[in-house]
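**Student:** Just add 1 to wherever you are in the sequence shown, counting from 1, and you've got the numbering used here. We put the CB at the ideal spot given by N, CA and C, even for glycine. After the structure tokens below, expect a handful of questions from me.
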Amino acid sequence: MAQLNPQQLAAVKTTGHPLLVLAGAGSGKTRVITEKIAYLVKQGLPAKNIAAVTFTNKAAREMKSRATKLLDDKQLKGLRVSTFHSLGLDMLRAEHKALGYKAGLTLFDEQDKHTLIRQILSHHNHPADADVVERCARQIGSWKNAFVTPEQAQAGAEADQVQPAALYAQYTRSLKAYNAADFDDLILLPVLLFQQHPEILQKWQHKIRYLLVDEYQDTNFTQYQLVRLLAGKLGQFTVVGDDDQSIYAWRGAQPENLAQLQRDYPRLQVIKLEQNYRSTGRILKAANQLIANNPHAFEKKLWSSLGPGDALRVINHKDEVTEAQQIISEIIHHKFKHGGNYGDYAILYRGNHQSRLLERALRENNIPYFISGSTSFFAYSEVKDVLAYLRLLVNPDDDAAFLRIINTPRREIGPTTLEKLGAYANERHISLFDACSELGLGQKLGDKARARLVHFRDWLVDTADRAERGDTFGVIELMLEQIEYSAWLEENSKSPEAAKRKMANVTELIEWLKRMADKAADKAPALAELVAKAMLIDILERQEDQEAGDQVSLMTLHAAKGLEFPHVFLIGMEEGLLPHQNSIDSDIEEERRLAYVGITRAQRTLTFSYCTHRKRYGDVIECEPSRFLAELPEDDLEWPVKQQLPPEERKQRGKANLAQLKSLLS
């Protein structure tokens, strides 16, 4: 702890009060959290009574890694470092009976959720096209994140919410019938559990006697309820956050949760981390001046001891093609002149569509690049196939898994058969799997079709029994041989090499499950537990990216949060792009926070780019430079042509409107 600054040290040693650490960008917040874990353990609190939660697997892994450098294995035993959703899954697995669930809870991903919603809509003869399904799924997720139950949603539904509210109730009942939960349930259900069962809450409060929460500004209302319940009246917690980096309102995040803490915990102590260890002075001055245009519950001002650094450059282009070409040319020139690696450069933008021309220019110049949003291992179709088999093995009520694998590989069970099976299951209010063996199904299907379904069901029951009794992984490998999955991949892949790659992914999945089982601290986990963990990791990894290596990074501003690069290009600084057209009137403050996040990714150089014309929806339109450029410190900006403003306009900088910006560029 000798290298901590005074504010960081105070944050580590403050344990007698509920604590809010306002941690500016690049201020060393992860170090504060891990040092605090070590401090609490050395003060006598067992690691098994400490929980640290964050939002991504990557952040959780980094915390764990740093903690291992501060404490030995014995001191670390039992420490919980996880995402919010992993913690919720552990709670549900331990307490499923109290909520009326069976063991082997299935976790639905977004695709499963959409499939179920589509089935419910179709069953009630409602339109079930992709847009309707997406709108309903998004609305249900919003209600869950705001801790709105189906009953409350129906009672308070506005005209355009009546259908989603009714669907929400049916969707919730269907999930329960399938012994399943979706991603948002991993927070909602533990809150309901604790509210309905005070004795279970007390048990978990005794388990988690100190709670640390990272990226607190990204919490939604339901997550805040979970924090409050676990922390109890004494408020044995430290939350770390930065309202200036709250950029996830679209998925329910409420930066006002920071201010709410003061109302709920009058003894709350607030410590500000304002020293930035990442960026030069000019970059931080620009960030401070930009974000000062937003209202704040807490004031803070970033500063650095790294010196003023280079001026911030603003470059303009006639169109987006020229923009892409010039930026790649700038990277080539800068790397040639100063040395360094391609991995030192990042190009950030508001929307994924802006990457296409950049990719083309990078390929044409043979420059390696990494684009945010690469495929998660668990998103490969062959991995999802095998996981669906395992999901059905541990939970026969999982209709989404049933539908994925019933003809993978092909079993000559056609869509008409499945349609009749689904109708029969709906009439009987049972799962598709259970419907396969009911005698009444024979009245709906021909003998051959029913025989195939019965054969499939009997085979899976036998496989599940053998997996439960003996060598789980040996049974899984035998199952894949029995269905001739490798041969099916060869038949359905573009080439023999592609089939081999896919089968290698299947092998890697099984090896991963084995490693997970071997890592279990106590007894070997059940297959159901391993499958649920795999599903959660899949969902979480789709929200983050792998490391780029020595490649130019292309990513959205949302994806860039938490990262840093020596040289950053922030492109598309135009009205309608940044700020985005959809948010100019409704949420300009969040757009400004996005720009702030982009600026604070830069360590040494920062370049802004905008176009005077851009193609949108097939038409070439004239573009106005972003209002955010006018809110930056003029003296620190290097424009294509040096600008001179009269003194009265200088007084208004940072608050300049678009008309003033046009005069700035004239």
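Put residue 74 into one of helix, strand or coil per three-state DSSP.
**Tutor:** As a working mapping, residue 74 is identified with position 73 in the sequence shown. Helix, per DSSP.
**Student:** I believe residue 565 touches residue 279 by the beta-carbon criterion, under 8 Å. Please report the beta-carbon distance rounded to the nearest angstrom.
**Tutor:** As a position in the sequence shown, residue 565 is number 564, starting the count at 1. As a position in the sequence shown, residue 279 is number 278, starting the count at 1. So it is a contact: roughly 5 Å between Cβ atoms.
**Student:** Does DSSP classify residue 554 as helix, strand or coil?
**Tutor:** Here residue 554 refers to the residue found at position 553 of the sequence shown. In the structure shown, residue 554 sits in a strand (DSSP, three-state: E or B).
**Student:** My output table needs one value for residue 248: the three-state DSSP class, helix, strand or coil.
**Tutor:** One-based indexing of the sequence shown puts residue 248 at position 247. Residue 248: coil per DSSP, three-state reduction.
**Student:** Excluding the five sequence neighbours on either side, which residues of its own chain have a C-beta within less than 7 Å of the C-beta of residue 193, listed in chain order?
**Tutor:** As a position in the sequence shown, residue 193 is number 192, starting the count at 1. So the list is empty, once near-sequence residues are dropped.
**Student:** Give the single residue among 244, 400, 46 and 83 whose Cα lies nearest to the Cα of residue 63.
**Tutor:** Numbered from 1 along the sequence shown, position 62 holds the residue referred to as residue 63. Looking at the Cα atoms, 83 is the closest of the given residues.
**Student:** Count the other C-beta atoms from every protein chain shown that fall within 10 angstroms of the C-beta of residue 387, then say buried if there are 16 or more, exposed otherwise.
**Tutor:** Walking along the sequence shown from the start, residue 387 turns up at place 386. For residue 387, the number of other beta carbons within 10 angstroms of its own is at least 16, and it is reported as buried.
**Student:** Going by CA-CA distance only, name the one from 596, 576, 249 and 638 that's closest to residue 612.
**Tutor:** Working through the sequence shown from its first residue, we reach residue 612 at position 611. That would be 576, whose Cα lies nearest to the Cα of residue 612.
**Student:** With which residues is residue 634 paired in a DSSP beta bridge?
**Tutor:** Sequence index remark: in the sequence shown, residue 634 carries index 633 (1-based). Answer by DSSP bridge pairing: none, since residue 634 is not bridged.
**Student:** Would you check if the distance between the CB atom of residue 216 and the CB atom of residue 55 is smaller than 8 Å?
**Tutor:** As a first step, residue 216 must be located in the sequence shown, where it is residue number 215. As a first step, residue 55 must be located in the sequence shown, where it is residue number 54. Result yes, Cβ atoms of residue 216 and residue 55 sit closer than 8 Å.
**Student:** Going by alpha carbons, who is nearest to residue 584 out of 530, 250, 637 and 385?
**Tutor:** Stepping through the sequence shown from its first residue, residue 584 is reached at position 583. Looking at the Cα atoms, 250 is the closest of the given residues.
**Student:** Leaving out the 5 sequence neighbours to the left and right, which residues in its chain are closer than 8 Å to residue 446 when beta-carbon positions are compared?
**Tutor:** To locate residue 446, count along the sequence shown from 1; it is residue 445. Here the set comprises 418, 421, 422 and 454.
**Student:** As a quick exercise: from 184, 359 and 21, pick the residue whose alpha carbon is nearest that of residue 320.
**Tutor:** As a working mapping, residue 320 is identified with position 319 in the sequence shown. Ranking the options by Cα distance to residue 320, first place goes to 359.
**Student:** Which residues in the same chain as residue 441 place their Cβ atom closer than 8 Å to its Cβ, once the five residues preceding and following it in sequence are excluded?
**Tutor:** Position 440 of the sequence shown, counted from the first residue, corresponds to residue 441. Once the five neighbours on either side are set aside, the close Cβ partners of residue 441 are 425 and 429.
**Student:** Between the Cα of residue 502 and those of 383, 592 and 463, spot the shortest distance and give me the residue it belongs to.
**Tutor:** Sequence index remark: in the sequence shown, residue 502 carries index 501 (1-based). Nearest option by C-alpha distance: 383.
**Student:** Taking only the alpha-carbon atoms, compute the straight-line gap between residue 657 and residue 292 and give it to the nearest angstrom.
**Tutor:** The residue labelled residue 657 in the question sits at position 656 within the sequence shown. The residue labelled residue 292 in the question sits at position 291 within the sequence shown. Low per-residue confidence applies at residue 657: pLDDT is 47, beneath 50, and the placement is therefore not dependable, though the value from the model is reported in the following sentence. When rounded, the distance between both Cα atoms is 14 Å.
**Student:** Where does residue 27 sit, in a helix, a strand or coil, going by DSSP?
**Tutor:** One-based indexing of the sequence shown puts residue 27 at position 26. In this structure, residue 27 counts as coil in the three-state DSSP scheme.
**Student:** Going by the CB atoms, is the gap between residue 354 and residue 610 shorter than 8 Å?
**Tutor:** Taking the sequence shown and counting its residues from 1, the one referred to as residue 610 is at position 609. Taking the sequence shown and counting its residues from 1, the one referred to as residue 354 is at position 353. For residue 610 and residue 354, no; Cβs fall outside 8 Å.
**Student:** Should residue 106 and residue 97 be called a contact, given that it needs their Cβ atoms to be closer than 8 Å?
**Tutor:** Indexing the sequence shown from 1 puts residue 106 at position 105. Indexing the sequence shown from 1 puts residue 97 at position 96. Yes, they are a contact pair.
**Student:** If you draw a straight line from the alpha carbon of residue 262 to that of residue 27, how long is it in whole angstroms?
**Tutor:** On the sequence shown, position 261 is the one that residue 262 refers to. On the sequence shown, position 26 is the one that residue 27 refers to. Distance between the alpha carbons of residue 262 and residue 27 is about 23 Å.
**Student:** Check residue 1 in the structure and name its three-state DSSP category.
**Tutor:** With the chain covering only 2 through 667, there is no way to say anything about residue 1.
**Student:** With DSSP as the reference, please indicate the residues paired to residue 84 in a beta bridge.
**Tutor:** Mapped onto the sequence shown, residue 84 falls at position 83. Paired residues: 55.
**Student:** Please state the DSSP three-state secondary structure of residue 155.
**Tutor:** The residue labelled residue 155 in the question sits at position 154 within the sequence shown. Reduced to three states, the DSSP call for residue 155 is helix.
**Student:** Which of helix, strand or coil does DSSP assign to residue 13?
**Tutor:** Reading the sequence shown from its first residue, position 12 is the one you call residue 13. Three-state DSSP puts residue 13 in a helix.
**Student:** If we ignore side chains and look at the alpha-carbon of each, how far apart do residue 517 and residue 305 end up?
**Tutor:** If you number the sequence shown from 1, residue 517 lands on position 516. If you number the sequence shown from 1, residue 305 lands on position 304. Cα to Cα, residue 517 sits roughly 43 Å from residue 305.
**Student:** Reducing DSSP to helix, strand and coil, say where residue 357 ends up.
**Tutor:** Taking the sequence shown and counting its residues from 1, the one referred to as residue 357 is at position 356. Three-state result, residue 357: helix.
**Student:** Along the chain, where does the beta strand (DSSP E) containing residue 569 start, and where does it finish?
**Tutor:** Position 568 of the sequence shown, counted from the start, is the residue given in the question as residue 569. Judged by DSSP secondary structure, residue 569 falls within the beta strand (DSSP E) whose first and last residues are 566 to 571.
**Student:** Less than 8 Å between the C-beta atoms of residue 166 and residue 147, yes or no?
**Tutor:** Here the question's residue 166 lines up with position 165 in the sequence shown. Here the question's residue 147 lines up with position 146 in the sequence shown. Against a cut-off of 8 Å, the Cβ pair of residue 147 and residue 166 comes out as no contact.
**Student:** By the DSSP assignment, the beta strand (DSSP E) with residue 312 in it spans what residues?
**Tutor:** In the sequence shown, the residue the question calls residue 312 occupies position 311. From DSSP, residue 312 is part of no beta strand (DSSP E); its letter is neither H nor E.
**Student:** According to DSSP, what are the bridge partners of residue 334?
**Tutor:** Here residue 334 refers to the residue found at position 333 of the sequence shown. In DSSP, residue 334 forms no bridge with anything.
**Student:** Rounded to a whole number of angstroms, what is the C-alpha to C-alpha distance between residue 87 and residue 537?
**Tutor:** In the sequence shown, the residue the question calls residue 87 occupies position 86. In the sequence shown, the residue the question calls residue 537 occupies position 536. Residue 87 and residue 537: Cα-Cα distance of roughly 7 Å.
**Student:** DSSP has residue 445 in a bridge; who is on the other side?
**Tutor:** As a working note, residue 445 is residue 444 in the sequence shown. Residue 445 pairs with nothing; no bridge assigned.
**Student:** Kindly indicate which residue of 556, 32, 327 and 103 has the alpha-carbon position closest to the one of residue 178.
**Tutor:** For the purposes of this step, residue 178 is taken as residue 177 along the sequence shown, with counting starting at 1. Answer by Cα proximity: 103.
**Student:** Do the segment 254 to 273 and the segment 598 to 606 meet, that is, are 3 or more Cβ pairs less than 8 Å apart?
**Tutor:** no
**Student:** Do residue 507 and residue 392 have their beta-carbon atoms positioned less than 8 Å apart in this structure?
**Tutor:** Position 391 of the sequence shown, counted from the start, is the residue given in the question as residue 392. Position 506 of the sequence shown, counted from the start, is the residue given in the question as residue 507. Contact flag unset, no.
**Student:** Between the segment 332 to 345 and the segment 623 to 633, can you find at least three pairs of beta-carbon atoms closer than 8 Å?
**Tutor:** In this structure the segment 623 to 633 does not lie against the segment 332 to 345, because fewer than three pairs of beta carbons, one per stretch, are closer than 8 Å.
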